[in-house]
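S.K.:
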Amino acid sequence: MTVVTVLIVIWYVAAVLMNLSLVRGGFEREEAPYTTMELLAGTMIAERPLLPAPHQVVGAFVDGVFGYAPTAPRSLVYHSMVTLSATLLGFALGALLGIVLALAIVHSRVLERSLMPWIICSQMVPILALAPIFIVVLGAIGLQGLLPKSIISAYLSFFPITIGMVKGFTSPDPMQMDLMRTWSATPRQVLSKLRWPSAVPYLFASLKVAITISLIGAIVAELPTGAEAGIGARLLAGSYYGQTIQIWSALVAAAVLASSLIAVVSYAERKVAQRMGGRA
Amino acid sequence: MPRASRLWPSCVVTLLVEPVRMNSTAETTPHIYQSTATRTIAVDVSKVSLTFDTADGKVEALSNVDLQIGGGEFVSFIGPSGCGKTTLLRVIADLQRPSSGAVTVNGMSAEQARLGRNYGYVFQAPALFPWRSIEANLKLPLELMGFSPTEQKQRAARYLALVNLTGFERKFPWQLSGGMQQRVSIARALSFDPELLLMDEPFGALDEIVRDHLNEQLLQLWAKTRKTVLFVTHSIPEAVFLSTKIVVMSPRPGRITDIIDCNFPRDRTLEIRETPEFIAIAQRVRTGLRAGHSYEE
Amino acid sequence: MNRRQIRLGFIMSAVCVLITLMLPLPLAGVPVAALMARPPTFLLTGVIVLVFGLAAGLRGLPAIVIGLIGAGITAGMTLMLLRDPLIAGDAASGFWMVVVGVWLASWICVVALAGLKPRDSGFRKAIDLAIPLLFGAAVFYLWEVVVRGAGVPPVLLPSPSAAAARFMASLSMLGADFVQTFIRGVLIGYTIGCSSGLLVAILAHRFEFLGRGLLPLGNFFSALPLVGVAPIMVMWFGFDWPSKAAVVALVTFFPMLVNALAGLQAAGDIERDLMRSYGASYAQTLIKLYLPAALPFIFNALKINATLALIGAIVAEFFGTPTQGIGFRISTEAGRMALDMVWAEIALAAIAGMAFYGLVALAERATTFWHPSMRA
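Protein chains in written order, with numbering that gives the first Met the number 0: chain A, 0 to 279; chain B, 0 to 296; chain C, 0 to 375.
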């Protein structure tokens, strides 16, 4: 808590320092006399500051959330919902694909040996760089709006889930696997009785990573779409028109989205852990 | 009070000590050593108490402990878990501050003694650093204490030879068995020639055959180096076999219930465990332990 | 998969190629037996059938090698056929039958390879390498053949060969982009971000109250879409590489902080007591114990950051750059529908990313060989 307070104080000081020359320049252009107090006050309320003061950001955020009808194009809620829907759809697709791939890999030696190196390799490639092409390509074949963005989200989020789930499905130790063998359990029984339960912690760990990435994917995917709606679009528009406060409030919205998404996943994790008899 | 060392054949001692104390002059002869041993008090624990604050309230780990240990002695601490024997060792080594009371080591406070590098501590686990080779592990305290590189190398070789591990310099800890790892950690504790060797159940995790073997080696080592050894153990035969003095402790609150002298010849072998004297002492230790328990239950 | 199935697979591949003799190659092809009209391909068909037949007759490794040769020749034949303007973009069932034959044969080979259990470790390593390579080659082959055979418009998806040609043709431009994005933006930002993250982690470890405050904050920030600060950094540091380096430094800082802090706390109690019993100072303990123990965690962060850094730099370039850089080129060329250039840039980014990651992984192997995860 103290660290947060200190950071906010530093933020205020930085805002004063960074906006000082800007405000001074403004006064000097108008050749108006000014006092130090006025100068300081000016750094706090500048319209296009280099670094907006925290209260300005919070003000703009609150205004954006509650100041407009949720459907108005100026409402942050509206933009957040656009991004959120793409994120969730992409996340669901990605999670499904990731789990199915992991299952296939765990059950087929050939797939494991031919696919796994490529999946690991593709983790090292900046996949996000593909986002604009995807948008363009999918736009060219008539796909626009929600789906292309979710495909990017899905594409980004399936990697951590595949990797995590392969780890999870193979996490039962040899003794437990031998135990299942002594009962001559079928592969399907081994999956449902042993592999799945032991993969659950891995599932949630990778879901948490994946949901963050799919949000990032959705935001980045909104950058080249002609900037109509969504948090990414707000960021891009803000940067075009120098609307610093708009950028910051969009960032806060993204932060709120990210942390609430993670909170939801963590909540589900706790609930599941409780049901499985863990110490939540 | 008969000294155990009187029964020690001096020719054996000279032979054994020679390779270790190549540099020292005065202490090479056991007779001089003997006389200093009887005089000095290496560790003086007076009225030490220690209470921990736990979730279940205060726990008195040590209550009013008084103990004097002479130089060159081999003292075992034995007692059920929770009796504070490890805590006492940690207090003596200044790894833990007592709530009250004082510890004096060779005339210094425990902290001064620690900063003056008087302690060679051997833990329950070997605690070797996996990223260092065996030789580099031995050198670790030497590096910290500013020995010259050549001196480091010499000492590493000398102490590895002492624990019969010459040839393993380039190996890494995980390539050695548990018993070998613990021998390395003993060599490491001795490498900078500390006044005191503190051992906290060093062989607790090993199987009995390895343990017997290491006990014999430890006795030989003690004979060669003439350190004062403080040894925490769970095992009555181990304590009786190794020690000149056995400190029996009891829990809740952690305290000393009995101190038993145990004067077998220094060049004892595992066979003495069958002698009536051995069994008598073991019996006394067992009685002491039981008394501590019945008091509590 | 047993030997009989493998043999059956090779025979099926041969049959696929044979059927082609009776099927039209291009969709609007006039003669039915199109292959008959082309003596070289006709001859090749015979050779292929023979090779597959030979593979079906052999067992073990020789069968796989011969089968692979057959698949290679067949693939070569399809590529040769694609040079015919009549076939390219308008391929018909006959052509696709051959492609199916290639796919079947190579699939059989990969499966059979995976089934081998050689005792020689060098040989085993070679197989472990060969399987994914074959798989990758098959994917690229199918991509190439489908794009060119079915005439996918290059606006949608260029063929790998077109992208490769573009790559070779614009090496100097790619080089400039690489320097701008990777050397300036990524490397500088990565160094700043990782080293300051490590430094703050050490401070937080030394002074516990700092750690208690910083850890939840670090966890919070490392989960945020931090690339979003790119427009702000562009505003602060201008269009050129400093703003990219700043974004990279920011996105790499928090993973390093969180991981390094966890790593510094990974040293065991006994080891700490040991250092204490030696009367070691904090600096000594840090160098001899905490940092080496934290190395696996630090490398984990370095590897995560290697990918994050490249993404951060490229995304930051979407918000404005001077007229070079991988991200800038991708967004402008995508806008102009020059997708072969885009794919060339992606290949560049992929190579740079993998090389970067590979270097970090090599350094990890050299320094954390002792960790249980590396010993296996």
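Yeah, the Cβ is synthetic: ideal placement off N, Cα and C, and Gly gets one too.
(1) So, at 7 angstroms on beta carbons, what are the nonlocal neighbours of asparagine 218 of chain C in its own chain, with the 5 sequence-adjacent residues on each side left out?
(2) Nearest to valine 284 of chain B by alpha carbon, out of B:Ile235, B:Asp266 and B:Glu270?
(3) Note down, one range per segment and in chain order, each alpha helix (DSSP H) of at least 4 residues found wholly within the segment 226 to 251 of chain A.
(4) Cutting at 6 angstroms between CB atoms, please list the residues of its own chain near threonine 28 of chain B, excluding the five before and the five after it.
(5) Check the Cβ-Cβ distances between valine 105 of chain A and every residue of chain C, and say whether any is below 8 angstroms.
(6) Please check if any C-beta of chain A sits within less than 8 angstroms of the C-beta of valine 109 of chain C.
(7) Hey, out of A:Pro171, A:Leu206, A:Lys207 and A:Thr181, whose CA is closest to serine 191 of chain A's CA?
(8) Could you tell me the alpha carbon to alpha carbon distance between proline 117 of chain C and arginine 123 of chain C, rounded to whole angstroms?
(9) Closest by CA to isoleucine 255 of chain B, which one among B:Glu72, B:Leu87 and B:Thr39?
(10) I need the straight-line Cα distance from glutamate 332 of chain C to methionine 79 of chain C, nearest angstrom please.
(11) Counting pairs of Cβ atoms below 8 angstroms between the segment 143 to 152 of chain A and the segment 81 to 99 of chain A, do you hit three or more?
(12) Alpha helix (DSSP H) containing isoleucine 258 of chain B: first to last residue?
(13) So is leucine 94 of chain B in contact with chain C if we call contact Cβ pairs under 8 angstroms?
(14) Verify whether the separation of the beta carbon atoms of proline 159 of chain A and alanine 103 of chain A is less than 8 angstroms.
(15) According to DSSP, what are the bridge partners of glutamine 67 of chain B?
(16) Beta carbons nearer than 8 angstroms to chain C: which residues of the segment 239 to 271 of chain A have them?
(17) Is the beta carbon of lysine 244 of chain B closer than 8 angstroms to that of aspartate 320 of chain B?
(18) Contact between the segment 310 to 322 of chain C and the segment 129 to 148 of chain C is defined here as three or more beta-carbon pairs at a separation below 8 angstroms; is this criterion met?
(19) Hey, serine 75 of chain B and serine 242 of chain B: beta-carbon distance below 8 angstroms or not?
(20) Is there a Cβ of chain B sitting closer than 8 angstroms to that of glycine 52 of chain C, yes or no?
(21) For glutamate 344 of chain C, which residues of its own chain have a beta-carbon under 8 angstroms away from its beta-carbon, when the five flanking residues on both sides are left out?
(22) Quick check on DSSP: helix, strand or coil for glycine 100 of chain B?
(23) Just to make sure I have the definition right: I need the residues of chain C whose C-beta is within less than 7 angstroms of the C-beta of arginine 187 of chain A. Which are they?
(24) Spell out a yes or no on whether the segment 145 to 156 of chain C and the segment 103 to 110 of chain C are touching, meaning 3 or more CB-CB pairs, one atom from each, closer than 8 angstroms.
(25) Cα separation between arginine 182 of chain B and alanine 266 of chain C?
(26) In the DSSP assignment, what are the bridge partners of methionine 174 of chain A?
(27) With distance defined between alpha-carbon atoms, name the residue in A:Leu250, A:Glu111, A:Ser183 and A:Val199 nearest to lysine 270 of chain A.
(28) Using a Cβ-Cβ distance under 8 angstroms, would alanine 290 of chain B count as near chain C?
(29) When the cut-off is 8 angstroms and only beta carbons count, does tryptophan 117 of chain A lie next to chain C?
(30) So what does DSSP say about lysine 57 of chain B, is it helix, strand or coil?
(31) By how many angstroms is the C-alpha of alanine 109 of chain B removed from the C-alpha of leucine 218 of chain B?
(32) Write down every uninterrupted run of the alpha helix (DSSP H) in the segment 263 to 299 of chain C whose length is 4 residues or greater and which is fully enclosed by it, in chain order.
(33) Thinking C-beta only, is phenylalanine 203 of chain A closer than 8 angstroms to glutamate 268 of chain A?
(34) What residues of chain B sit near proline 291 of chain C, judged by a beta carbon separation below 7 angstroms?
(35) Compare the C-beta of isoleucine 191 of chain C against all C-beta atoms of chain B and say whether one is closer than 8 angstroms.
(36) Shortest alpha-carbon distance to glutamine 180 of chain B belongs to which of B:Gly119, B:Glu215 and B:Leu137?
M.R.: The short version:
(1) The count along the third sequence starts at 1 and reaches residue 218 of chain C at position 219. A distance below 7 angstroms between beta-carbons, with the five flanking residues on each side excluded, links asparagine 218 of chain C to the following residues of its chain, in chain order: Val257.
(2) In the second sequence, residue 284 of chain B corresponds to position 285, counting from 1. With distances taken between Cα atoms, valine 284 of chain B lies closest to B:Ile235.
(3) Runs found: 230 to 239.
(4) One-based indexing of the second sequence puts residue 28 of chain B at position 29. Note that threonine 28 of chain B has pLDDT 37, beneath the 50 cutoff, so the model's placement of it is unreliable and the number below is only indicative. Here the set comprises nothing.
(5) To locate residue 105 of chain A, count along the first sequence from 1; it is residue 106. No, valine 105 of chain A does not count as interfacial toward chain C.
(6) Position 110 of the third sequence holds residue 109 of chain C. Interface with chain A (8 angstroms Cβ-Cβ cutoff): valine 109 of chain C is included.
(7) Counting from 1 along the first sequence, the entry for residue 191 of chain A is found at position 192. Minimum Cα distance to serine 191 of chain A is reached at A:Pro171.
(8) Within the third sequence, numbered from 1, the residue matching residue 117 of chain C stands at position 118. Within the third sequence, numbered from 1, the residue matching residue 123 of chain C stands at position 124. The alpha-carbon of proline 117 of chain C is positioned some 6 angstroms away from that of arginine 123 of chain C.
(9) By 1-based counting over the second sequence, the position of residue 255 of chain B is 256. Among B:Glu72, B:Leu87 and B:Thr39, the Cα nearest to that of isoleucine 255 of chain B is on B:Leu87.
(10) In the third sequence, residue 332 of chain C corresponds to position 333, counting from 1. In the third sequence, residue 79 of chain C corresponds to position 80, counting from 1. Approximately 31 angstroms between the Cα atoms of the pair.
(11) The segment 143 to 152 of chain A vs the segment 81 to 99 of chain A: in contact.
(12) Walking along the second sequence from the start, residue 258 of chain B turns up at place 259. Taken as a continuous stretch (DSSP letters only), isoleucine 258 of chain B belongs to no alpha helix (DSSP H), being part of the beta strand (DSSP E) at 254 to 260.
(13) Here residue 94 of chain B refers to the residue found at position 95 of the second sequence. Cβ-Cβ to chain C under 8 angstroms: yes for leucine 94 of chain B.
(14) One-based indexing of the first sequence puts residue 159 of chain A at position 160. One-based indexing of the first sequence puts residue 103 of chain A at position 104. Not closer than 8 angstroms, so no.
(15) Position 68 of the second sequence, counted from the start, is the residue given in the question as residue 67 of chain B. Its beta-bridge partners are B:Asp43.
(16) Within the segment 239 to 271 of chain A, the residues whose Cβ lies closer than 8 angstroms to some Cβ of chain C are Gly241, Thr243, Ile246, Trp247, Ala249, Leu250, Ala253, Ala254, Ala257, Ser258 and Ile261, listed in chain order.
(17) The requested residue 320 of chain B is not part of the displayed model; chain B covers only 0 to 296.
(18) Segments in contact, no.
(19) The residue given as residue 75 of chain B occupies position 76 in the second sequence. The residue given as residue 242 of chain B occupies position 243 in the second sequence. Contact check for serine 75 of chain B against serine 242 of chain B passes: the beta carbons are separated by less than 8 angstroms.
(20) Residue 52 of chain C sits at position 53 when you count from the first residue of the third sequence. Taking 8 angstroms as the threshold, the shortest C-beta distance from glycine 52 of chain C to chain B does not fall below it.
(21) Taking the third sequence and counting its residues from 1, one reaches residue 344 of chain C at position 345. Same-chain partners within the cutoff: Leu173, Asp176, Ile325, Arg328, Ile329 and Glu332.
(22) Position 101 of the second sequence, counting from 1, holds the residue named residue 100 of chain B. In the three-state DSSP reduction, glycine 100 of chain B falls in the strand class (E or B).
(23) Against the first sequence, residue 187 of chain A aligns to sequence position 188. Within chain C, no residue comes near arginine 187 of chain A; the closest Cβ sits about 21 angstroms away, beyond 7 angstroms.
(24) The segment 145 to 156 of chain C, when compared against the segment 103 to 110 of chain C, does not touch it at the 8 angstroms Cβ threshold.
(25) Counted from its first residue, the second sequence places residue 182 of chain B at position 183. Counted from its first residue, the third sequence places residue 266 of chain C at position 267. Looking at the two C-alpha atoms, the distance is approximately 22 angstroms.
(26) Translated into positions along the first sequence, residue 174 of chain A becomes position 175. Answer is none; methionine 174 of chain A lacks a bridge partner.
(27) Position 271 of the first sequence holds residue 270 of chain A. Minimum Cα distance to lysine 270 of chain A is reached at A:Val199.
(28) The residue you call residue 290 of chain B lines up with position 291 of the second sequence. It does not: the Cβ of alanine 290 of chain B has no partner Cβ on chain C nearer than 8 angstroms.
(29) To locate residue 117 of chain A, count along the first sequence from 1; it is residue 118. With 8 angstroms as the cut-off, tryptophan 117 of chain A counts as an interface residue toward chain C.
(30) Position 58 of the second sequence, counted from the first residue, corresponds to residue 57 of chain B. Correct three-state label for lysine 57 of chain B: strand.
(31) Taking the first residue of the second sequence as 1, we reach residue 218 of chain B at position 219. Taking the first residue of the second sequence as 1, we reach residue 109 of chain B at position 110. Between leucine 218 of chain B and alanine 109 of chain B, the alpha-carbon positions lie close to 26 angstroms from each other.
(32) Taking only runs of at least 4 residues, the alpha helix (DSSP H) segments lying wholly in the segment 263 to 299 of chain C are 268 to 276 and 281 to 284.
(33) Locating residue 268 of chain A in the first sequence gives position 269, counting from the first residue. Locating residue 203 of chain A in the first sequence gives position 204, counting from the first residue. The Cβ-Cβ distance between glutamate 268 of chain A and phenylalanine 203 of chain A falls below 8 angstroms.
(34) In the third sequence, residue 291 of chain C corresponds to position 292, counting from 1. Close partners of proline 291 of chain C in chain B (Cβ separation under 7 angstroms): Phe128 and Trp130.
(35) In the third sequence, counting from the first residue as 1, residue 191 of chain C sits at position 192. Not an interface residue.
(36) By one-based count along the second sequence, residue 180 of chain B stands at place 181. Check the Cα spacing between glutamine 180 of chain B and each of B:Gly119, B:Glu215 and B:Leu137: the tightest is with B:Leu137.
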